[in-house]
Structures are given as structure tokens and as C-alpha cells.
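Step one of this worksheet: look at the structure below.
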Amino acid sequence: MVWIFQVGLSYFGHQTEPSVKKWSKDWQSKPGWTQHPIIIDELLYEYDGPVVFTSKFGSYTTILSRIDEDDDGEYYAAGTVSDDVLNALRQGNLSLRGALLREPCYVMCLDGLFVRKYWECKKEEFPLDLLPESGRTLIPEIKYAADVYEQLQSYFSVRFAGAGLAGGAMPFSTFKSLIDEVYEAARKIMMPDGLANSKSATFDFDLLEPAFGSLVVNLDRPKLHAGNIRKRLGRPDLEMGEVQENISQKRGGFFDEMGALVAEAEDGEIAFEQAKVHAALLEQVQGLLPSEETTFDQVDFRANVGAEQRQLVVTEEVGEVLKRAHAAVAGQPTELAGRITIINSKRCTFVIELPMGREVTCAVSSVLFEQLEQHVDFRGGTQVAVQGNKIRRPRRDYVSAEAVVFLPPPP
């Protein structure tokens with residue numbers, strides 16, 4: 545795997561103060577650079593005046609979006625965009641947030657269209673609560689768009705998002721773990737026919753430069769080692785175009801199969817028979833799904849398949865449903881008893897502490913969780929017994945619980 549970095553390694557290392565200071569109006573500003581009003585090149589959205597528009601500053605095109613106002617004027621977040629980025633925004637493939645965070649970035653205070661003052665910011669210095677919502681575009685019907693333009697250019701892209709990944713630094717262990725999970729899952733998902741369990745000397749990916757704030761892992765078109773593949777398959781005349789087409793079909797098949805699972809999970813629980821049919825895929829993506837043990841709460845898969853931009857978004861709620869489905873078909877039947885220590889209503893999970901001190905996450909269906917919430921004893925400190933299928937995990941084991949019984953307190 546080729547690692548292409550253009551930033552220092554220390555950027556990824558753990559820092560004692562990983563959070564980045566966010567822009568505020570108290571920062572030292574610079575005076576407007578011109579006495580003339582800026583010229584709106586393209587008005588993209590207006591409401592009681594221009595809200596989103598582009599303007600040219602010299603040879604650069606800048607997109608501006610109104611974020612605040614006070615007695616001094618109206619404040620706009622601004623990013624520097626290329627024609628390709630602007631086209632992706634117009635088409636709804638790129639979010640407005642993604643366009644505004646193209647560096648160099650600015651905050652501008654305008655009086656009408658006159659620049660009173662401005663600040664130059666790094667993208668990680670923008671307060672996210674002032675920016676448009678993640679994934680939102682200028683086209684209301686589109687629910688999720690890419691927040692990073694490079695996602696739209698990669699062969700296969702995985703974006704992890706969440707508060708645990710915000711800021712300008714990331715523990716190296718987190719970075720390495722997520723990269724490893726993407727690499728292993730991508731190899732399994734797109735492994736060419738007949739090459740199962742083959743090594744990277746046969747089939748591999750280049751890793752393009754990661755993007756941070758969230759973590760975006762972009763994989764380039766697979767690199768095929770023709771001699772090793774032909775030898776492995778016993779086909780000395782095999783054309784690599786045939787192998788590439790096979791990989792592309794598997795990539796498209798992933799979006800079809802995973803898309804169907806996500807749609808079913810968004811509507812409720814995945815039936816056991818369906819989970820058995822898709823057991824292999826559920827196993828492949830387990831390390832990419834958001835859970836209580838991850839630093840992310842959403843994962844976004846993207847790829848250019850033919851002329852189509854394919855996308856799947858897995859939220860933490862959907863991730864929990866998929867994890868329960870996986871545990872149901874792959875877990876070991878178990879019965880456990882312990883004391884409730886944590887209740888997470890959003891994920892329909894609770895944590896119990898076993899007598900020897902180890903903690904276990906217990907996940908139940910939304911219907912069963914609602915029933916538990918109505919019970920007066922469903923709270924921290926209560927002793928319960930759970931029955932279900934268990935999956936071992938590094939920090940906490942995971943049980944897809946089918947039954948929960950409240951126990952009397954210990955003597």
C-alpha cells in the first residue's frame with residue numbers, strides 16, 4: 545500500500561491539547577482590501593438579500609455563505625473553489641460546507657457588499673455550528689452530499705465522522721486502526737474471483753492523501769500484479785482488464801447489497817433469515833460501523849461506478865441494527881447476569897458489569913427497549929439477566945439480547 549502524505553507525521557500524533565482554537569469575532573481582523581463593493585458573480589441562494597453567492601477576487605473564485613450578523617454588518621464564511629468544485633456543488637454532489645472549507649478560507653464582515661473587515665482561517669478553525677449542516681446541499685431533495693471534494697474523485701471512499709474525530713489532531717492509534725479496517729474491508733469486498741486469501745503482492749490499493757477533521761480514506765483504482773495473478777489462477781493469457789471489470793462489478797454489488805441492508809435497518813430490525821443471507825457482508829463491514837466503542841458516529845461510503853456517483857450513509861442507529869443482525873447469525877448463544885451501569889436510549893443499548901468486573905454491551909430491538917424503559921427498575925444499579933448471542937470485542941463484548949429478566953438485589 546502506498547502512503548502519500550504532504551503533511552508532517554506529527555500532525556497525526558497524539559497531542560496534549562488536540563483541540564483547535566475556533567474563530568470568533570474577538571480575533572484580530574484585517575481591514576477591507578478595497579473601497580469598492582465586491583461583485584456577485586453567481587447568486588446561488590437568496591433570502592432577504594444574498595445568502596450564498598460567488599465572487600472573483602483576482603484569479604480566484606470564492607464562495608460566500610452568510611452565517612451571522614450584528615451592528616457591524618453581515619458575516620460570511622468564504623472558501624476558495626475551482627470550477628470543478630463549484631460544478632459539484634451545483635449538481636448536489638458536494639455539500640455547501642464542503643465548498644466553504646476549501647482553503648484558503650475566510651470570514652468576511654460585509655456592509656451591503658462592502659468589505660468592512662475580514663479574517664483568514666484554517667478550515668479546522670471554523671466553528672462548525674456556524675456552518676451549514678454536514679451533507680446539506682443547495683438542492684433540498686438531496687439528504688447527504690460529500691463534505692470533502694476528494695471523495696468524489698476516488699475509486700472507493702470511506703468517511704468517518706463524529707465529535708471524536710473533530711479538531712486538528714488525532715491519536716495515531718485511532719488513525720492506524722481506521723486505515724487498517726478500511727483496507728481489510730475493501731480487499732474483502734472487492735476481491736477478484738479466485739483470489740481469496742491472496743496477499744498484497746497480487747492485489748493492492750494506493751491510499752490517497754487522507755483528509756482530517758473527520759477522517760476520509762480515499763482508495764485509488766486497484767493495482768494488479770499481472771504475473772502473480774496469472775500464476776495464481778493458472779491463466780497465463782488472462783487480460784488485466786477482465787480482472788478490473790470483475791473488481792468493479794463487486795464494488796457495485798457492495799453498494800447494491802449494503803444499500804438494501806441499510807434501507808431495511810432504517811425501517812427497523814433485520815429479519816434473521818435476511819441476516820443469514822448477508823452474513824458475509826455483515827462480517828466484512830463490522831469494523832467500519834459506528835458503535836459505543838468508536839470515535840465516530842457516522843460512516844459514508846462513496847464511489848464512482850460507471851457514470852454514477854454511488855453513496856451509502858450509515859448512522860449510529862443503523863449501525864446498531866446491523867451489529868445486532870451480525871451478532872444474531874455469528875454470535876455464540878449466552879446467558880449473562882450483572883449490574884446495569886450505563887443506559888443509552890439513542891442506541892437501544894445498556895451496559896452491565898459482570899461479577900468479575902468485566903463490562904458487556906447489551907443491544908436490544910427498539911420495541912424491547914421501549915418495554916424496558918417502562919419498567920420502574922430499568923436504571924443504573926439494577927441486577928438483570930440477559931439471553932442472546934455474544935460477539936467478543938477488545939473493550940466490551942457485545943450481546944444481541946433477545947430476553948432481559950430483572951433480578952432481585954443481592955443480599
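So the sequence shown is residues 545 to 955, counted in our numbering.
Cβ atoms here follow ideal geometry from the backbone N, Cα and C, with glycine treated the same way.
Keep in mind the model is a prediction, meaning the values are calculated, not measured.
Got a sec, what are the start and stop residues for the beta strand (DSSP E) residue i sits in?
| i | result |
| --- | --- |
| R646 | No beta strand (DSSP E) holds R646; DSSP gives it neither H nor E. |
| E618 | 617-625 |
| I896 | 893-897 |
| K661 | 658-665 |
| G932 | 927-935 |
| D941 | 941-950 |
| A907 | 903-907 |
| A847 | 842-849 |
| F799 | Careful: F799 lies outside any beta strand (DSSP E), inside the alpha helix (DSSP H) at 784-811. |
| L759 | 759-763 |
Just reading off the alpha helix (DSSP H) that residue i is part of, what are its end residues?
| i | result |
| --- | --- |
| G863 | 860-874 |
| F716 | 716-733 |
| V829 | 823-829 |
| A740 | From DSSP, A740 is part of no alpha helix (DSSP H); its letter is neither H nor E. |
| S609 | Counting along the chain, S609 falls outside any alpha helix (DSSP H), though it belongs to the beta strand (DSSP E) covering 604-614. |
| K600 | First-last for K600: 594-601, but that is the beta strand (DSSP E), not the alpha helix (DSSP H). |
| L588 | Note, L588: premise wrong, no alpha helix (DSSP H); beta strand (DSSP E) at 586-590. |
| N637 | First-last for N637: undefined, no H or E at that position. |
| R703 | Where R703 is concerned, there is no enclosing alpha helix (DSSP H), although the beta strand (DSSP E) it sits in stretches over 700-705. |
| E836 | Premise fails: E836 is in no alpha helix (DSSP H) and is neither H nor E. |
| G679 | Counting along the chain, G679 falls outside any alpha helix (DSSP H), and DSSP gives it neither H nor E. |
| L916 | 910-917 |
| L709 | First-last for L709: undefined, no H or E at that position. |
Measuring alpha carbon to alpha carbon, tell me which of the options ends up nearest residue i.
| i | options | result |
| --- | --- | --- |
| M852 | T624, N637, I583, A621 | The question names Met, but residue 852 is Glu in the sequence shown. Residue N637 is the option with its Cα nearest to E852. |
| V908 | G679, Y688, L644, F894 | F894 |
| M652 | F840, R660, F799 | R660 |
| E827 | A809, R846, A872, E813 | A872 |
| F601 | Y650, V564, Q635 | Y650 |
| E728 | A945, P780, L825, E783 | L825 |
| A503 | G875, P955, N772 | Residue 503 is absent from the model: the chain starts at 545 and stops at 955. |
| Y693 | D724, R731, S721, V629 | V629 |
| R854 | S639, D800, C665 | D800 |
| D921 | E677, G850, G901, V949 | V949 |
| K666 | R923, E647, L722 | E647 |
| W663 | W567, N741, Y688, A730 | W567 |
| P575 | E860, L759, D655 | D655 |
| D570 | D616, Q788, Y589 | D616 |
| V726 | A823, S626, E861, F845 | F845 |
| D592 | R610, Q579, H580, T578 | R610 |
| P938 | P954, H870, E903 | E903 |
| E861 | D811, A847, L898, H822 | D811 |
| G850 | I791, M802, L709 | I791 |
| I884 | G796, G925, A804 | G925 |
| A690 | N848, A869, A881 | N848 |
| E879 | V865, E669, I896 | I896 |
| S721 | V911, P955, P954, F840 | F840 |
| D673 | W577, R923, A621 | A621 |
So, for residue i: in the same chain, excluding its five sequence neighbours on each side, which residues have a beta-carbon less than 6 Å away from its beta-carbon?
| i | result |
| --- | --- |
| L633 | A643 |
| L777 | G738 |
| D808 | In the sequence under discussion, the amino acid at residue 808 is Glu, which differs from the Asp named in the question. Excluding positions up to five away in sequence, the list reads I814. |
| P676 | L640, R641 |
| E618 | R610, L654 |
| D941 | V904, K934 |
| L657 | P581, I582 |
Counting only the same chain and skipping the five closest in sequence on each side, list residues whose C-beta sits under 7 Å from that of residue i.
| i | result |
| --- | --- |
| A504 | Residue 504 cannot be examined here, being either before or after the span of the chain that is shown, 545 to 955. |
| L587 | P594, F597 |
| F556 | Confidence in F556 is poor, its pLDDT being 29 and thus under 50, which makes the residue's placement unreliable; the coordinate value appears in the next sentence. Around F556: M714, F716, F719. |
| A823 | V873, A874 |
| Y589 | V595, V596, L682 |
Can you tell me whether residue i is buried or exposed? The criterion is at least 16 other CB atoms within 10 Å of its CB, across all chains shown.
| i | result |
| --- | --- |
| Y963 | Residue 963 is absent from the model: the chain starts at 545 and stops at 955. |
| V829 | buried |
| Q550 | Confidence at Q550 is low in this model, with a pLDDT of 29, below 50, so the placement of that residue is unreliable and no value is reported for it. |
| F816 | exposed |
| K867 | buried |
| A740 | exposed |
| T838 | buried |
| S758 | buried |
| T681 | buried |
| L898 | exposed |
| H580 | exposed |
| G901 | exposed |
| V625 | buried |
Among residues of its own chain, excluding the 5 on either side of residue i, which ones have a beta-carbon nearer than 8 Å to its beta-carbon?
| i | result |
| --- | --- |
| V843 | V702, R703, F704, A705, L832, L833, P834, V857, V858, G863 |
| K794 | I733, M734, M735, P736 |
| L1024 | Summary: the structure shown does not reach residue 1024, with the chain confined to residues 545 through 955, and so no result is reported for it. |
| S599 | I582, I583, I584, D585, T605, T606, L608 |
| H919 | F950 |
Give a yes or no on whether 8 Å exceeds the smallest Cβ distance from residue i to chain C.
| i | result |
| --- | --- |
| L898 | The structure shown contains no chain C; it holds only a single protein chain. |
Legend entry - Touch test, the region 945-953 against the region 922-936, Cβ-Cβ under 8 Å, three pairs minimum: yes
Legend entry - Cβ contact (3+ pairs, closer than 8 Å) linking the region 899-918 and the region 878-891: The region 899-918 makes contact with the region 878-891, as at least three CB pairs between them are under 8 Å.
Inset, instruction - Inspect the CB distances between the region 693-702 and the region 759-771 and report whether three or more fall short of 8 Å. - result: Yes, the region 693-702 touches the region 759-771.
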